[in-house]
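Residue numbers (numbering that gives the first Met the number 0), protein chains in the order written: chain P, 0 to 782; chain R, 0 to 144; chain E, 0 to 285.
What follows is a single structure, written as structure tokens, with notes after it.
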Amino acid sequence: MATTTPTTPTKVQLKVGQRLRRQEDPRLITGTATYVDDIKKPGTLYAAILRSPHAAARIQALRTEAAAQAPGVHAVFTGADVEGVGPVPCAAALPGLRVPKHTILATNRVYYVGHPVAVVVASDRYLAADALDLIEVDYDPTTAVADPEKALAAGAPAVHPEWPDNIAFTQNTVYGDPNKAFAAADVVVKQRIVSQRLIPTAMETRGVVAEWSPGDKQLTIYSSTQIPHLLRTQLAIMLGLPENHLRVITPEVGGGFGSKLNVYAEEALVGFVSMRVNKPIKWIEGRREAFQVTIHGRGHVDYVEMAAKKDGTITGMKIKIIQDLGAYHQLLGPLIPTLSVLMLPGLYNFHDAEANVFGVFTNAAPTDAYRGAGRPEATHCVERIVDILAAKLKMDPTEIRRKNFPAKDAFPFTTATGLAYDSGDYAKPLDKAMQIVDYRALRARQAEARKQGRLMGVGISTYGEICAFGPSPATPAGGWESATVKVEPTGKVTVMTGASPHGQGQETSFAQLAADAFGVPMDDVVVLHGDTAVVQYGIGTFGSRGTAVGGTAVHLALQDLRAKCTKFAAHAMGVSPDEVSFEGGIFTSPKTAKTVTFQEVALEAYVCRNLPPGVEPGLLVTRFFEPSNFAFPFGAHIAVVEVDRDTGEIRIERYVAVDDCGKVINPLLVDGQVHGGVAQALGQAIFEEAVYDEYGNLVTGELMTYAIPKAHHVPEIETERTETPSPVNPLGVKGVGEAGTIGCSPALVNAVVDALAPLGVTHIDMPMTPQKVWRLIQERSQA
Amino acid sequence: MKVRGEQTLPLEPTAAWELLLNTDALAQAIPGCEGLVPLGPDEYQMKMKIAVASIQGLFAGKVRIADRNPPNSYRLHIEGQGKLGFVRGSGLLSFSPDATGTRITYEGEVQVGGLIASVGERMLDVTTKMMIGHFFNNLAQQAHH
Amino acid sequence: MIPQSFEYSAPESVSEALRLLGSVENSRVLAGGQSLIPMMKLRLSGPAHVIDLGRIAELHYIAQTNGSVRLGAMSTHNQVAVSETLRRSCPLLAEVAGRIGDPQVRNLGTIGGSTAHADPAADYPAALQALRAQIRLVGAGRERTVSAEDFFLDAFTTALGEGEIVYEVIVPADAPGLGSAYVKLQQPASGFAVAGVAAQVAVSGGQISVARVGITGVGAKSYVAQAVENALTGRPATAATLAAASRLAAQGVEALNDLYAQADYRTHLAEVATRRALEQALALAR
């Protein structure tokens with residue numbers, strides 16, 4: 000390796016911290032990305048799934064002969080044919096949890112509308128759909144119950160006949176002495192708060208392509224999933240295949256939001272069918288199917304109580320959580336409300352609390368993690384009840400919050416529920432948000448508007464969240480993440496992450512880390528993920544963990560690899576490694592005034608003309624990062640709204656989001672996450688609700704009735720940040736994927752309640768549809 | 000879904016009662032009905048061809064008459080299913096004389112399931128009312144003849 | 000979302016389309032496809048034969064002829080929305096067209112298709128009722144012209160007979176001084192009107208001389224709000240007059256009921272939308 004004398008040093012601008020456009024976007028924007036439906040294997044057959052139109056019924060007879068003989072049909076399988084396939088897994092290990100046997104096709108009963116009953120495979124998807132119409136099923140309908148509170152009532156129909164009370168589990172947790180705190184309180188406020196069932200609605204529905212290779216007994220599954228490795232392990236168990244005979248590939252994923260953090264019946268079913276018919280099989284979920292069977296989110300009815308002193312000091316909190324679990328457990332379903340319990344205290348300093356969780360079966364689609372997963376529900380409860388308390392005490396909502404924040408020097412701060420909040424300065428984002436909206440002037444303007452009879456409101460939410468999932472003991476399947484970084488002989492860098500980014504932009508942010516580590520341009524870095532044959536085992540992307548856990552693994556691998564590069568460089572320059580400095584892709588030895596480039600080191604590491612003693616050839620490092628704690632981002636959101644008294648419509652005048660997610664690698668990505676999160680929470684706050692009728696039909700069954708926010712529904716979101724580094728990982732990052740969904744809904748609801756406060760309104764449940772708001776105004780105006 | 004309403008037929012209650020129990024008249028009045036075939040006392044097999052907007056579908060099912068209280072009231076049960084989904088309904092029809100003939104009030108419940116329930120929320124109320132309206136208009140026309 | 004198989008024809012003349020329509024069992028006419036295609040994909044509709052009018056050049060025009068504007072059935076919503084002729088002579092129709100669905104729907108959907116489909120919440124019918132539009136229908140060897148009021152009979156039910164298609168829609172050019180407006184309160188998922196009110200107002204000597212109001216989305220069919228019009232005509236052009244008249248917006252109408260808006264709320268929205276449409280139209284009247 001040649002060494003040279005340095006020329007004039009130029010100051011290198013690091014990529015980390017820069018607002019860089021996403022490396023992923025050109026292929027997405029130009030339509031050249033590959034999604035599951037773009038996978039075209041020669042000889043592919045298409046699967047179509049017959050689904051139950053009944054929410055509860057016994058299957059008395061099932062006749063598939065006509066379908067099996069229909070044109071183009073290769074096979075039809077029913078529940079009896081797939082008995083050998085293991086059940087859809089649930090990883091929630093809660094004490095006493097009742098786990099219904101979740102077969103991949105129904106056997107003698109169906110439990111919800113959309114329950115898969117049979118699968119047809121045909122030479123094209125039209126013929127497969129035609130053949131579905133030829134399957135005859137005799138159902139004997141039984142009474143269904145789709146409302147969790149009705150399911151708990153005496154005499155309710157049993158979703159699973161073996162458990163007539165419809166209770167999947169209960170969990171009682173007491174922290175400190177809540178009864179004493181409530182008895183001693185000057186004031187207690189109570190509210191029933193609903194976080195309604197939502198449909199995640201990823202732009203790309205789920206899809207699976209399975210290809211069985213009989214010669215080498217290898218099954219390849221392409222699936223739109225957030226967790227390729229966990230899926231592979233689980234599918235190996237379900238299908239009885241050795242795990243190393245199974246490869247899961249996650250091509251481009253068009254949105255997940257938790258709905259693809261799962262192991263679904265169809266993933267095993269399509270694999271099973273491919274093995275049986277010896278052909279590649281493709282199944283692409285329709286939108287109506289997605290609405291009925293892909294997991295739903297939220298589904299809470301919460302009874303919340305808060306105790307306080309006259310001066311607004313919060314002294315205790317109690318909650319009863321009724322979690323609508325649907326008919327079955329998916330991967331994590333029953334765990335989600337337990338996250339709500341952990342997050343219950345929000346950002347407030349009190350130590351006595353009690354939580355009672357009831358996980359309830361209903362004849363409806365399973366609920367599971369949806370962006371925020373348990374934390375939006377908890378945050379909504381605490382941020383609503385704090386506002387209710389403030390109103391009762393006639394305190395300003397910002398004052399009551401400030402009063403109950405732990406001091407900024409109190410970190411790590413142990414919460415009522417035993418979490419150790421890593422770092423924080425909660426007043427800071429609140430101050431900043433108040434300054435942006437000019438809070439005092441805003442309240443003056445509101446007073447003026449009220450005099451004119453206008454319904455203007457200001458809503459505050461100071462949220463906290465649990466991110467960076469998480470320490471392994473606190474997660475069901477490992478909470479670490481992995482990274483392999485290799486430097487190719489030409490000096491190009493390949494990062495393989497066990498996280499499975501699907502829209503978060505980590506092909507960009509991880510490339511930023513790598514570019515800085517080696518002083519190479521962004522385009523010299525490729526980030527690979529989502530192929531179990533290429534990437535070492537990993538956990539996946541969910542729970543705002545991609546950067547804090549996955550990124551840290553990348554960082555550690557980069558550090559190790561740079562250290563190894565330094566050894567090569569030092570050896571070449573004839574100095575010891577601690578005498579080498581590195582900047583902008585150049586190793587320098589100040590003592591000898593020599594330099595070698597990173598690219599020269601890369602080549603030497605493979606050609607090994609002059610291998611340093613004790614150093615192995617090659618530049619490849621794999622690291623696993625096990626976090627010692629979660630990370631706890633926080634922020635303050637302020638919404639300004641005006642309610643149209645005539646129609647009940649809500650106009651959002653301003654939306655300010657000040658988020659603290661620790662150190663920021665790429666502000667553009669952080670803004671994007673906040674925008675998307677706020678838009679989704681706005682959907683929950685104003686538009687969305689999965690409605691089942693009294694017979695268990697999902698009547699918001701498609702996008703003509705289920706309203707997700709459109710571009711014109713979303714106001715300009717003014718984003719700002721404060722930066723409190725996390726001590727949990729060396730990057731100081733926390734996580735931001737779910738901040739918007741967690742912080743936003745209470746800000747909007749608090750704003751609308753504030754707008755309606757002159758009418759005596761103290762609470763409104765989501766979604767705040769114009770009809771609901773109008774009825775509230777009517778009732779209160781008459782009262 | 001609850002349904003209720005009333006219609007007037009230009010007939011005496013007894014005649015109205017008889018018309019509403021006459022299977023030929025019912026077959027002609029039920030929108031899209033392609034005939035009623037007796038299955039037993041007060042029970043008929045029915046085929047229906049629904050056509051609303053571009054929606055088309057065949058339904059096969061049963062009609063059953065119960066709780067006869069001539070000429071005051073009876074209960075009508077209808078169920079049908081087809082590729083578009085299924086319908087189950089039950090309603091009490093009550094007959095009372097009024098100035099121009101007989102007032103028939105109906106009150107009942109219709110359960111709709113399957114495809115039409117999952118995509119038809121916006122249309123269900125209006126099409127149900129329309130079909131009930133057609134039913135009584137068809138009967139009224141027969142009453143005039 | 001996969002339709003049943005069907006035969007497809009794309010005739011190039013109206014006479015050929017009518018011949019097919021008369022000779023093929025279970026056929027449906029396809030105009031812009033914004034209602035029919037989704038229904039076919041959901042398998043709610045399974046015609047044996049689809050007759051696509053898209054290639055019939057003679058159905059594509061927007062033309063002014065003495066005192067009226069004629070729109071060929073295959074004029075897309077977007078063509079109607081941006082038509083200079085309409086902006087000049089009948090801005091209400093252009094405004095309504097611009098409020099239908101989203102850009103994709105407006106680039107494909109047609110005035111003839113929407114009219115023939117007669118969705119109770121479609122936008123066009125409000126304007127066609129207010130404008131006292133005429134709809135020209137053609138069948139094999141016959142044609143007739145029906146007023147909007149006589150054309151829309153019930154939800155998804157029109158005067159269109161077996162073997163007939165909508166050929167054109169004819170709207171009168173605005174008389175000088177008319178102000179017009181369309182106010183639509185919409186379902187956020189579908190964009191369909193929950194209450195859509197098209198209004199035209201003219202004022203003479205401080206009194207309302209012309210008032211025309213068409214309403215969609217409220218009842219099973221669009222309608223002329225006769226009671227509102229009567230309560231306006233000849234009255235002083237004041238806010239009080241408009242407010243009082245608007246209260247009659249849903250008089251005698253059995254309002255639709257769905258999850259998003261139950262009948263009482265919808266009835267109320269009819270009043271609000273009517274008042275707002277009248278206020279806006281009045282502000283534009285000269």
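Glycine included, every Cβ here is placed at the ideal spot set by N, Cα and C.
Length of the line joining the Cα atoms of residue i and residue j
i: residue 284 of chain P; j: residue 35 of chain E; result: 22 Å
i: residue 216 of chain P; j: residue 79 of chain P; result: 24 Å
i: residue 399 of chain P; j: residue 121 of chain E; result: 49 Å
i: residue 459 of chain P; j: residue 209 of chain E; result: 50 Å
i: residue 82 of chain R; j: residue 56 of chain R; result: 7 Å
i: residue 66 of chain P; j: residue 131 of chain P; result: 7 Å
i: residue 618 of chain P; j: residue 26 of chain P; result: 29 Å
i: residue 230 of chain E; j: residue 129 of chain E; result: 15 Å
i: residue 95 of chain P; j: residue 162 of chain P; result: 13 Å
i: residue 116 of chain P; j: residue 296 of chain P; result: 24 Å
i: residue 667 of chain P; j: residue 730 of chain P; result: 18 Å
i: residue 93 of chain R; j: residue 315 of chain P; result: 59 Å
i: residue 134 of chain R; j: residue 28 of chain R; result: 5 Å
i: residue 622 of chain P; j: residue 571 of chain P; result: 27 Å
i: residue 522 of chain P; j: residue 534 of chain P; result: 20 Å
Cβ neighbours of residue i in the same chain (closer than 6 Å, five flanking residues each side left out)
i: residue 35 of chain R; result: 22, 26, 43, 45
i: residue 735 of chain P; result: 660, 669, 672
i: residue 177 of chain E; result: 199, 201
i: residue 193 of chain P; result: 300, 764
Residue i, DSSP secondary structure in three states
i: residue 282 of chain P; result: strand
i: residue 89 of chain E; result: coil
i: residue 193 of chain P; result: strand
i: residue 509 of chain P; result: helix
i: residue 64 of chain R; result: strand
i: residue 31 of chain E; result: coil
i: residue 719 of chain P; result: strand
i: residue 256 of chain P; result: coil
i: residue 67 of chain P; result: helix
i: residue 155 of chain E; result: coil
i: residue 82 of chain R; result: coil
i: residue 14 of chain E; result: helix
i: residue 451 of chain P; result: coil
i: residue 104 of chain R; result: strand
i: residue 213 of chain P; result: coil
i: residue 564 of chain P; result: helix
i: residue 399 of chain P; result: helix
Beta-carbon proximity list for residue i, same chain, < 8 Å, skipping 5 on both sides
i: residue 43 of chain P; result: 208, 278, 279, 280, 281
Closer than 7 Å: residue i CB and nearest the ligand NAD heavy atom
i: residue 751 of chain P; result: This structure does not include the ligand NAD; it has no bound ligands of any sort.
>> Counting beta carbon pairs with one atom in the segment 774 to 782 of chain P and one in the segment 466 to 484 of chain P, are three or more of them shorter than 8 Å?
In response: no
>> Measuring CB atoms only, is the segment 756 to 775 of chain P touching the segment 463 to 479 of chain P, in the sense that at least three cross pairs come out at less than 8 Å?
In response: no
>> Report the start-end ranges of each alpha helix (DSSP H) in the segment 473 to 519 of chain P that is 4 residues or longer and not cut off at the edges.
In response: 505 to 517
>> When you compare the segment 319 to 329 of chain P with the segment 362 to 370 of chain P, are there three or more beta-carbon pairs, one atom per stretch, that lie closer than 8 Å?
In response: yes
> Is there contact between the segment 97 to 109 of chain P and the segment 683 to 692 of chain P, where contact requires at least three CB pairs shorter than 8 Å?
Replying inline: no
> Considering only residues of the segment 111 to 153 of chain P, which uninterrupted beta strand (DSSP E) runs meet the minimum length of 3 residues and lie entirely inside it, listed in chain order?
Replying inline: 115 to 121, 135 to 140
> Fully enclosed by the segment 316 to 388 of chain P, which alpha helix (DSSP H) runs are 4 residues long or longer?
Replying inline: 335 to 342
>> Under 8 Å: do the segment 509 to 518 of chain P and the segment 249 to 263 of chain P share three or more Cβ pairs, one atom per stretch?
In response: no
>> I'd like the ranges of any alpha helix (DSSP H) spanning at least 4 consecutive residues and lying wholly in the segment 608 to 695 of chain P.
In response: 666 to 681
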